[in-house]
Amino acid sequence: MGHGKYIAPPVGQYQVQAGEKLELEFVVLPGESRDIDVSIDLAGPGAEAHLNGLYLCRADEKVNFRIVMHHRAPGCKSTQLFNGIAGGSAQVSFDGTIVVAPDAQQTEAFQENHNIVLTETAKVTTRPQLEIYADDVKCSHGATVGQLSEDELFYMRSRGIPEAQARTLQMLSFLSPVIPAGREEEIERAVRSL
Amino acid sequence: MAEDIIKEFTSGEYKEGFVTDVEQEFVPKGLNEDIIRTISARKEEPAWLLEFRLDAFRKWQRMPQPDWAHLDMPEIDFQDIIYYAAPKKDKDRPKEIDPKLAETFDKLGIPLKERDVLAGVVAVDAVFDSVSVTTTFRKTLAEKGIIFCSFSEAVKEHPDLVRKYLASVVPSSDNFFAALNSAVFSDGSFCYIPKGVRCPMELSSYFRINARGIGQFERTLIVADEGSYVSYMEGCTAPMRDEQQLHAAVVEIVVEKDADVKYSTVQNWYPGDADGKGGILNLVTKRGICKGSGSHLSWTQVETGSAITWKYPSTILKGDYSASEFYSVAVTNNHQQADTGTKMVHIGKGTRSRIVSKGISAGVSQNSYRGLVRMGKGAVGARNYSQCDSLLIGSRCGAHTFPLIQSLEPSATVEHEATTSKISEDQLFYCNQRGIGPEDAVGLIVNGYAREVLSRLPMEFAVEAQKLLQVSLEGSVG
C-alpha cells in the first residue's frame with residue numbers, strides 16, 4: 004500500500020511511510036448511497052497524501068464522507084479537494100478532520116470542500132476541522148455551499164447556448180479539478196442526468 | 002533570559018489582580034431550593050421570578066454537564082460555591098457608594114461619578130460580586146426614554162418589560178450553564194431603547210469579582226425597539242487567587258425591526274498563573290435575535306483572560322434582510338484554554354452574516370474556534386462568509402477549528418475558510434534588524450494580525466484592547 008490509484012471509492016485505513024506518496028480518488032455517481040470512511044496516517048517523515056473526490060446526487064441518495072488525515076511525522080504534506088452537486092432530496096455530509104501531532108513540524112495540510120445545491124429538498128452539511136498541536140505548520144481549509152450562478156447562465160444563454168447545455172457546462176467546470184483522468188465522458192453523462 | 006521574561010510576566014503583570022477589603026454579606030455555601038429562595042427574598046423579588054428560578058433549578062438538576070468542548074474542564078463542585086455576596090451597606094448612609102468600592106472602580110479606570118461630558122461619555126452599570134453598585138447617567142438617558150439600570154431595579158420598576166423579554170432568547174433550559182444562571186442569577190444590566198431613539202452615549206457594564214469562594218452569575222437583557230440604536234460594552238476583571246472561580250453569565254439581546262445593536266466585550270478575567278493554578282472559569286451563554294426585518298446585531302469580542310473560556314455569542318436571523326457580524330480575537334497563553342466561536346442561524350429571507358475570528362495561542366494553551374452556520378429552509382438568498390485564522394506562538398500550544406455548516410436552502414451561499422500559521426522567522430528578523438526587540442515585534446505582528454477585529458471596537462475599548470494583547474503575550478517568545 005502507499006502507491007497507486009483507486010477507482011472505486013476506497014475506504015478504510017492507510018499508513019503512509021517515510022517518503023511514500025498516496026493518491027486516492029473518490030467518485031460517487033448518481034443513484035449511489037455511500038458511507039465513505041477513510042483514515043490516513045502520515046506515519047513517516049516526508050510522507051504525502053493527495054485526495055480528490057466528486058459526488059453527484061439526483062434522487063434520495065445519502066452520501067457521507069468521514070475523512071481523518073493524521074499528520075504524525077514532520078515534513079508531511081496532504082491535500083484534499085472534494086466537490087459535489089446535490090439535487091433531488093439527497094443528503095450529503097462531509098466530515099473532514101486534519102490532526103497535526105505535537106512534533107509534526109513543517110506540516111503542510113490543505114482541505115477544501117465545495118458544494119452546489121440544486122433543489123430545495125437537498126441537504127448539505129459540511130464540517131471541516133483542524134486540530135493542530137504543532138506550531139511550524141501551514142494549514143488551511145475551506146468550505147462553500149452555494150448554487151449555480153445566474154450571471155454565468157445568462158452570459159452563456161445570451162450567446163446562444165441552450166439552458167440545459169449551459170447548466171451542464173457550469174457543473175462540469177465546477178467539477179473539473181476533481182474529475183479523474185480517463186473518466187471524463189462517464190462524468191459528463193452523469194452530470195447531464197442531474 | 003527567556004525564563005526571566007516569563008517569570009517577570011507571570012509574577013505580576015495582571016494589574017487588576019488586587020482584592021478590595023470591604024465587609025460583605027454572604028448566603029451560606031451550596032445550592033438548593035432554600036438558597037434560591039434566600040437570594041430571591043434578599044432581592045425582594047415578585048413571586049413569578051422566584052417560580053422562574055425554581056423551575057430553572059429543577060431543570061438544571063436533571064441536566065448533565067456538557068463535555069463536547071475541546072476543553073480539559075476540572076470537576077466543578079456546585080455545592081462548594083457561594084452564590085450570593087454583597088458589600089454591606091452603611092446603615093446611616095444607605096444611598097451613598099462605599100468609598101472603598103468607588104476607589105476600586107476608580108483604580109480599574111471605571112468612573113462611577115458622572116464627570117464632565119468631555120471626559121468620555123460612557124454610562125456605566127458597575128457590578129461588584131452579586132450586586133450592582135451604581136448606574137451612571139440614568140437621568141440623562143431617561144430624558145430620551147432610555148431605560149438603563151441594574152437588573153434588580155428593572156424587576157422592581159419595569160416588571161412588565163422584564164417579564165416579556167426574560168428568557169425569550171435564551172430559555173432557562175437552553176443548556177446546563179444557562180439553566181444554572183437562570184436559577185441563581187444575581188445582578189446584571191437591563192437596557193431598553195424605545196422606538197426610533199438613537200442612544201446618545203455608549204452604555205457599558207463592568208463586572209468585578211472580589212470575594213473568595215463565590216461564583217458570579219450575572220444576567221444582561223438588552224431590548225432595542227424599532228429603529229433604535231445602541232452600542233454596548235462589557236468589561237470584567239477579578240483578583241488573583243490560587244483556586245478557580247466560576248462565572249456563568251447569560252446575555253440576551255432582542256433587536257426589533259430596523260434596530261441596530263453593537264455589543265463589544267473586552268474579557269480580562271484573571272487567567273491563572275504560569276502553572277495553570279487559579280483563574281476564572283468563564284462559561285457564558287450570549288445570544289441575540291434579529292426579530293424584525295432590517296435589524297442588525299454586531300458582536301465584537303476580545304478574549305484575553307480566564308483559565309477556561311466557553312462562549313459562543315450567537316445570532317438568530319429571523320427578520321427578513323437582517324444582518325449580523327461576529328468579530329473575535331481570542332488570546333490564550335500559559336495553561337489557558339478557550340473554546341469560543343459563534344452560531345449564525347439564518348431563518349429570514351436575504352439574511353446576511355459575517356464571521357471573522359482570530360485565535361492566538363502561546364505557551365501550552367489550547368485555543369479552539371467552534372462555529373455553526375445554518376441556512377434554514379426559506380432563508381432565500383441568505384449569505385454567510387466566515388474567516389477563522391489561528392496564529393501559533395511556540396511549539397507546545399494547540400489551535401483548532403471546528404466549523405459546522407448546514408444548508409437546507411438551495412439559494413443560500415455559505416463560504417468558510419480557515420488558516421493556521423505561526424509568526425515567521427522572517428517577520429521577526431525584519432523587525433529585529435530594524436531595532437525592534439522580540440517582545441515588541443511579536444506585539445506589533447499580533448496587533449496587525451488582529452487589526453481587522455480591533456478596528457471594530459468602540460474607541461474607548463480599542464486602546465485598552467491593544468495594550469491587553471501585548472500584556473497577554475508577554476514572555477511568550479524568547
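Heads up: the protein sequence lines correspond to chains V and A, in order.
Residue numbering for the first sequence follows my numbering, beginning at 4 and increasing consecutively.
Residue numbering for the second sequence follows my numbering, beginning at 2 and increasing consecutively.
Virtual Cβ for every residue (Gly too), placed ideally from N, Cα, C.
This one's a predicted model, so the numbers in the text were calculated from it and none came from an experiment.
- Beta-bridge analysis with DSSP links V/Arg195 to no other residue.
- By a beta-carbon distance limit of 8 angstroms, A/Cys237 contacts A/Asn269. Their separation comes to about 6 angstroms.
- Selection A/Ala180, A/Asn334, A/Val447 and A/Pro160 evaluated against A/Leu50 yields A/Pro160 as nearest (Cα-Cα).
- Bridge partners of A/Gly438 according to DSSP: none are assigned.
- Classified as buried, A/Tyr313 has 16 or more neighbouring CB atoms from the shown chains inside 10 Å of its CB.
- Contact with chain V is found for A/Thr402, since one of that chain's Cβ atoms lies less than 7 angstroms from the residue's Cβ.
- Nearest to A/Phe19 by C-alpha distance, out of A/Phe79, A/Leu102 and A/Asn33, is A/Leu102.
- Contact check for A/Val171 against A/Val251 passes: the beta carbons are separated by less than 7 angstroms.
- Measuring C-alpha to C-alpha distances from V/Glu153 to each of V/Ala93, V/Val102, V/Gln173 and V/Gln132 identifies V/Gln173 as the nearest.
- Non-local C-beta neighbours of A/Glu465 in its own chain, meaning closer than 7 angstroms and more than five positions away in sequence, comprise Val267, ordered along the chain.
- Listed along chain A, the residues sitting closer than 7 angstroms to V/Tyr136 by beta-carbon distance are Gly399.
- DSSP places A/Lys108 outside any beta strand (DSSP E); the residue lies instead in the alpha helix (DSSP H), whose first and last residues are Pro100 to Lys108.
- In this structure the region 400-413 of chain A does not touch the region 428-443 of chain A; the number of beta carbon pairs closer than 8 angstroms is below three.
- The DSSP-derived three-state label of A/Leu409 is coil.
- By the neighbour-count criterion, in which a residue is buried when 16 or more other Cβ atoms sit within 10 angstroms of its Cβ, A/Arg452 is exposed.
- Note on A/Asp188: 16 or more other CB atoms within 10 angstroms of its CB, so buried under the neighbour-count rule.
- The Cβ atoms of V/Val127 and V/Val140 lie no closer than 7 angstroms to each other.
- Contact between A/Tyr207 and A/Ala127 holds: CB atoms are separated by about 5 angstroms, below the 8 angstroms threshold.
- For A/Gln337, the three-state secondary structure derived from DSSP is coil.
- For A/Trp61, there is no enclosing beta strand (DSSP E); the enclosing alpha helix (DSSP H) covers residues Ala48 to Gln62.
- In the structure shown, A/Val134 adopts extended strand secondary structure according to DSSP, grouped into three states.
- By the Cβ test, the region 285-294 of chain A is in contact with the region 313-326 of chain A, since at least three Cβ pairs between them sit closer than 8 angstroms.
- In the displayed model, A/Ile82 falls within coil according to three-state DSSP, outside both helix and strand.
- A Cβ of chain A is located within less than 7 angstroms of the beta carbon of V/Lys141.
- In the DSSP assignment, A/Ile290 falls within the unbroken beta strand (DSSP E) covering Gly280 to Cys291.
- According to the DSSP secondary-structure assignment, V/Lys65 is paired through a beta bridge with V/Gln94.
- Within the region 145-167 of chain V, those residues whose Cβ lies closer than 8 angstroms to any Cβ of chain A are, in chain order, Gly145, Ala146, Thr147, Val148, Gly149 and Gln150.
- In chain V, no part has a C-beta under 8 angstroms from the C-beta of A/Lys292; the shortest such distance is about 25 angstroms.
- The count of Cβ pairs closer than 8 angstroms, one atom from the region 30-38 of chain V and one from the region 58-67 of chain V, reaches three, so the stretches are in contact.
- Taking A/Tyr328 as the centre and dropping the five residues before and after it, the same chain places the C-beta of Thr301, Val357, Val454 and Arg457 closer than 6 angstroms to its C-beta, in chain order.
- With respect to V/Pro131, V/His117 sits apart: the two C-beta atoms are not nearer than 7 angstroms.
- Interface residue (Cβ-Cβ distance to chain A less than 7 angstroms): V/Lys126 is classified as such.
- Secondary structure note for A/Arg355: its beta strand (DSSP E) is the uninterrupted segment Arg353 to Ala363.
- Here V/Ala167 is not near V/Leu156, since their CB atoms are 7 angstroms or more apart.
- Taking the Cβ atoms as the reference, A/Ala331 lies roughly 19 angstroms from A/Ser354, outside the contact range of under 8 angstroms.
- In terms of Cα proximity to A/Asp81, the closest of A/Asn33, A/Met74 and A/Arg38 is A/Asn33.
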